[in-house]
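The structure under discussion appears below in the form of structure tokens.
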Amino acid sequence: MEKHWWKESVVYQIYPRSFNDSNGDGIGDLCGIIEKLDYLKTLGVDVIWLSPVYRSPNDDNGYDISDYQAIMDEFGTMEEWEKLLRQVHDRGMKLIMDLVVNHTSDEHPWFIESRKSKESPYRDYYIWRPGKNGREPNNWESAFSGSAWEYDPETDEYYLHLFSKKQPDLNWENEKVRNEIYEMMTWWLDKGIDGFRMDVINFISKVPELPDGEVQSGKKYASGHKYFMNGPKIHDYLKEMNERVLSKYDVMTVGEMPGVNVEEAKLYTASERKELNMVFTFEHMDLDAGPGGKWDLRPMKLTDLKQVINKWQKGLNGVGWNSLYLNNHDQPRMVSRFGDDKIYRVESAKMLATFLHFLQGTPYIYQGEEIGMTNVQFSSIDDYRDIETLNMYRERVIDGNEPHEKIMEAIYAKGRDNARTPMQWDDELNAGFTEGTPWIRVNPNYKEINVKKALEDSNSVFHYYRKIIQLRKTHPIIVYGDFQLLDEDNENIFAYMRTYRNEKLLILCNFTGQTVSYFLPDQSIFHIQERFIGNYKEVMIQKDRITLRPYEALVFKGM
Ligand code: NOJ
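Residues in the sequence shown are numbered consecutively from 192, following our numbering.
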């Protein structure tokens, strides 16, 4: 298997708005990040992924960009960004930027020009169509509720927006658009960044006819997924991007790809194909959603998770590369979702970290995950800020007469603001995030859960993350070892093995709040030598039988 620095790295995602505010305006900023670089160095991460910091009217918190080559006013200046990059590099870490090029903001100069007239040289930078029978050009639904088309009276046509109406989709068929983007990417790479996380990058190629989707009963709009996810020219575009831009630098790339499967992921990540290094899959994130989509809650079955993980681990082994995540700025907090955020918060946060970081792939940590931050429940919808949540609430409760309580339950479980409450630094005012009024309320549990406390407690989630990150640096088996699932039908324990040269690791994770027994594999398959790491002090073992306490995680070294 090819060795690369980005396979051996651990990535830490910063959502700048919620990370650390240095000037008291209630919004996190670049100087705030600089103040915390030593903290990240202590944690031991190698790469920082910055969610968008470009100029933006913030309809979707920076994922709507109005100038790709300027910094958002609330976050600081280009000089401060350059200082951040220098300081990251001085500490031996790397920095990757978020590349949002499926769409821009409607306040981007290209779109402002584009909407002026059908003859504008920028018209074809976006996807414009006339209406059909007095309605939208097709029946696609936006990811943020309602139609994916917005009517513009100025020229009597509609433009496509797969996300909010302030996020018009770029037209990648237009070579000029692609050239502009490649130039912009080159400009950032020449500043010395170490790669890109690419926002919904598998949406950029649409089936040109933009056909109608199939409407589900009771719904007004349809999913257009099959006409824009992994579309007809996606590989051509990524190959072109690689050849023209990425191949000239030693950088890492990770493509966010809703709806990607293993077979497609191989095409995106196989090194000889020269597209991307890795992709973010959503298959494991969709296991607790019913047929109605993300807000349609259902419990996840551990055996389903095993099946998905096994498929990806085996499928990409030796071909491409996996990215490993349970959290990001779009997902609820993993400890509330897959663990227990009350009695066993610390144990379950460590168990989930063990489960994830010992798989084959590059692990991603989302800010606050390393101290076991949890979901939040605000009783009033007015305390929520996320456009996806607010649009859904309006559509279902205000316009649709569904009960407030039911929808709030869905928001408590899945809302993106769960991940976006301010980082909890200490037990002082606003969790030490800001001296002003935070743009979104702090999770009230900050007195209990915060960085200051975690640093002081040698048994904290933080120090556990530090250990597993360190182990990765000295044990190539964690990075490069083959994966083997054990006991696929066990609904309580996720057990797997890693093998590299003549070494083996056995990983056992109890996903329940109960004490459960586990029979070790036969000596011929795994012969225990020593305990490698675990989240309880001593091991409860009798002959070949191990007792795993609530959310216990154990890793053994063996042969
Ligand atoms: C995926 C991003 O992660 C999410 O936060 C954003 O809303 C959409 N793409 C649109 O850019």
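Virtual Cβ for every residue (Gly too), placed ideally from N, Cα, C.
With a beta-carbon spacing of about 45 Å, glutamate 743 and methionine 432 fall beyond the 8 Å limit used to define contacts.
In this structure, tyrosine 440 sits away from asparagine 365, with a CB-CB distance that is not shorter than 8 Å. Nearest Cα to leucine 696 within the set Arg722, Gly404, Pro554: Arg722. Note that the stretch 568-584 touches the stretch 605-615; at least 3 beta-carbon pairs, one per stretch, sit closer than 8 Å. Within the stretch 496-575, the runs of alpha helix (DSSP H) at least 4 residues long that lie entirely inside it are, in chain order, 525-528, 536-548. The alpha-carbon of glycine 217 is positioned some 29 Å away from that of histidine 595. Here the residues close to ligand 1, judged by CB distance below 5 Å to any of its heavy atoms, are Asp251, Tyr254, Phe354, Asp390, Val391, Asp521 in chain order. Closest in alpha carbon position to proline 344, among Leu353, Gly322, Gln358, Leu361, is Gly322. Within the stretch 338-407, the complete beta strand (DSSP E) segments of 3 residues or longer fall at 340-343, 348-351, 386-389, listed in chain order. Aspartate 574 and asparagine 621 have their C-alpha atoms spaced approximately 15 Å apart. A direct Cα-to-Cα measurement between asparagine 293 and lysine 309 gives close to 21 Å. Between aspartate 673 and arginine 692, the C-beta gap is not smaller than 8 Å, which leaves the two residues out of contact.
The DSSP assignment places complete alpha helix (DSSP H) segments of no fewer than 4 residues inside the stretch 218-281 at 221-226, 228-234, 269-281, in order along the chain. A direct Cα-to-Cα measurement between leucine 231 and lysine 274 gives close to 16 Å.
Taking every protein chain shown into account, the CB of tryptophan 196 has fewer than 16 other CB atoms within 10 angstroms, so this residue is exposed.
With three or more CB-CB distances shorter than 8 Å, the stretch 623-632 counts as touching the stretch 207-222. Residue environment for phenylalanine 335: buried (at least 16 other C-beta atoms within 10 angstroms of its C-beta).
For threonine 628, the three-state secondary structure derived from DSSP is coil. Going by beta carbons, asparagine 330 and tyrosine 418 fall outside the 8 Å limit. In its chain, beyond the 5 residues on either side, Tyr584 have a beta carbon closer than 6 Å to the beta carbon of isoleucine 572. DSSP places valine 670 within a helical segment (H, G or I) once states are collapsed to three.
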